[in-house]
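Below is one structure, written out as structure tokens; comments come after it.
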Amino acid sequence: MFFALSKILGFLTVPSNVLAVVAITGVCLLMTRWLRLARVLLIGSIGLLVVLGFSPLSNALLLPLSERFPAWESGGRDPEGVIVLGGAIDPEVSAARDAVELDSSAERMTALVMLARRFPEARIVFSGGSGNLIQNTFAEAPFARKLLAEAGISGDRFVFEETSRTTYENAVNSRDLLKPKAGERWLLVTSSFHMPRSVGAFRKAGFDVEAFPVDWRTRGWRDLWQPFARLSSGLARADVAVHEWTGLVIYWLTDRSSALFPAPHPAATSRGAAGQAGRRP
0 MFFALSKILG
10 FLTVPSNVLA
20 VVAITGVCLL
30 MTRWLRLARV
40 LLIGSIGLLV
50 VLGFSPLSNA
60 LLLPLSERFP
70 AWESGGRDPE
80 GVIVLGGAID
90 PEVSAARDAV
100 ELDSSAERMT
110 ALVMLARRFP
120 EARIVFSGGS
130 GNLIQNTFAE
140 APFARKLLAE
150 AGISGDRFVF
160 EETSRTTYEN
170 AVNSRDLLKP
180 KAGERWLLVT
190 SSFHMPRSVG
200 AFRKAGFDVE
210 AFPVDWRTRG
220 WRDLWQPFAR
230 LSSGLARADV
240 AVHEWTGLVI
250 YWLTDRSSAL
260 FPAPHPAATS
270 RGAAGQAGRR
280 P
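Numbering (numbering that gives the first Met the number 0), first residue to last: 0 to 280.
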């Protein structure tokens, strides 16, 4: 039930969908006596479309999410395992084309390959079922397995969890599958803007992970005032940001997150700041 409701609510709260509904409502009202309201809805939807599409507002919505967790620093000790969340593979197209087709979050998969080679003793877990409410037919995990096999990477240390449909299910299923022990280091790989909700879900499930954010989408806070050259680019970024903010609130209200806006542990923040300072010229 939560899965279906989250998908429906997600559809209804995405700015591009909301603006389309408002505009359509305005067009329909033009044929009634509510002409003033129709004009307000049409002008408002077009104005917000332009603002979200071209102005830096979309970056302002995304940056607090993507900058919440710093880039991971090893601290001189290898992790026991790596968990990569699904969301980077289009399983429907992959099945139709008999090829692994990646989407805009492809960095999750490149990080998977990189970390598997960097830490040859670590367990590597890919957690991803089908998040499609309408075409709930193919899971991502089998295609992740295929991608690794084509890259010449395989072995018993690789685990593919294919039943999770939501971030919270990623956390619970990974915990039940791996049974992590106290003191172990587990990296969590997902898009930077998705990391706060993901870490909150894993902490709530009793699985303390270290954030390994990828798929940054921006250069950092210097993009706070950066406008967009294409309306579609700004609107797409606004959709991503509002979807995540909505998800954070819903997870908090339904007791699926450890906090409304999860933050790094102080030690992780210090390591990240030290690492970034060390990279400055």
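Just so it is clear, CB atoms sit at the ideal spot from N, CA and C, and this is done for glycine as well.
Thinking just about the alpha-carbon of each residue, which of the options is nearest to the one in residue i?
i       : options                               : result
Ser-126 : Asn-16, Leu-101, Trp-224 and Thr-189  : Thr-189
Thr-136 : Val-39, Arg-164 and Arg-174           : Arg-164
Asn-169 : Ser-256, Ile-45, Trp-33 and Val-20    : Ser-256
Gly-151 : Met-113, Ala-262 and Phe-201          : Met-113
Ser-15  : Asp-254, His-242, Gly-246 and Leu-259 : His-242
Arg-221 : Leu-11, Asp-214, Pro-69 and Asn-58    : Asn-58
Val-213 : Pro-261, Ala-105 and Arg-116          : Ala-105
Phe-260 : Ile-42, Trp-33, Ser-65 and Phe-227    : Ser-65
Glu-291 : Arg-116, Ala-138 and Val-99           : This structure does not reach residue 291, given that the chain is present from 0 up to 280, and the question cannot be answered.
Assuming residue i and residue j make a contact with CB atoms under 8 Å, what is their CB distance in whole Å?
i       : j       : result
Glu-161 : Gly-128 : 5 Å
Ser-288 : Thr-166 : Examination of residue 288 is not possible in this model, given that the chain is present from 0 through 280 alone.
Leu-48  : Leu-18  : 5 Å
Ser-103 : Phe-142 : Not really, about 16 Å apart at Cβ, beyond 8 Å.
Arg-67  : Leu-84  : With 8 Å as the limit, Arg-67 and Leu-84 do not qualify as a contact, their Cβ atoms being about 16 Å apart.
Gly-246 : Leu-51  : Actually they are not in contact, since the Cβ atoms of Gly-246 and Leu-51 sit about 19 Å apart, beyond 8 Å.
Arg-218 : Arg-236 : Contact doesn't hold; Cβ gap of about 13 Å is too wide.
Val-26  : Gly-43  : That belief does not hold up - the Cβ atoms of Val-26 and Gly-43 are roughly 13 Å apart, past 8 Å.
Could you have a look at residue i and say whether DSSP puts it in helix, strand or coil?
i       : result
Ser-232 : helix
Ala-276 : Summary for Ala-276: the model assigns pLDDT 39, below 50, so the residue's position carries little reliability; its value from the coordinates is reported in the next sentence. It is helical.
Phe-137 : coil
Ser-65  : helix
Leu-259 : coil
Ser-126 : strand
Val-26  : helix
Val-83  : strand
Excluding sequence positions up to five away, which residues of its chain have a Cβ less than 6 Å from the Cβ of residue i?
i       : result
Leu-186 : Pro-78, Val-81, Glu-209 and Phe-211
Arg-122 : Gly-80 and Arg-156
Val-158 : Val-124
Verify the contact flag: residue i, CB atom, against every heavy atom of the ligand HEM, threshold strictly below 8 Å.
i       : result
Pro-226 : In the structure on display, the ligand HEM does not appear, and there are no ligands present to speak of.
Leaving aside the five residues before and after residue i along the sequence, list all residues of the same chain whose C-beta is less than 7 Å from its C-beta, in chain order.
i       : result
Leu-36  : Leu-28
Ala-87  : Leu-101, Asp-102, Ser-104, Ala-105, Arg-107 and Met-108
Arg-184 : Arg-76, Pro-78, Glu-79 and Glu-209
Gln-225 : Pro-55 and Asn-58
Met-194 : Arg-67, Phe-68, Ala-210 and Pro-212
Within a Cβ cutoff of 8 Å, which residues of the same chain sit near residue i, ignoring the five residues on either side of it in sequence?
i       : result
Gly-205 : Arg-174
Worksheet entry | Any alpha helix (DSSP H) of 4 or more consecutive residues that is wholly inside the segment 144 to 228 | 166 to 177 and 194 to 203
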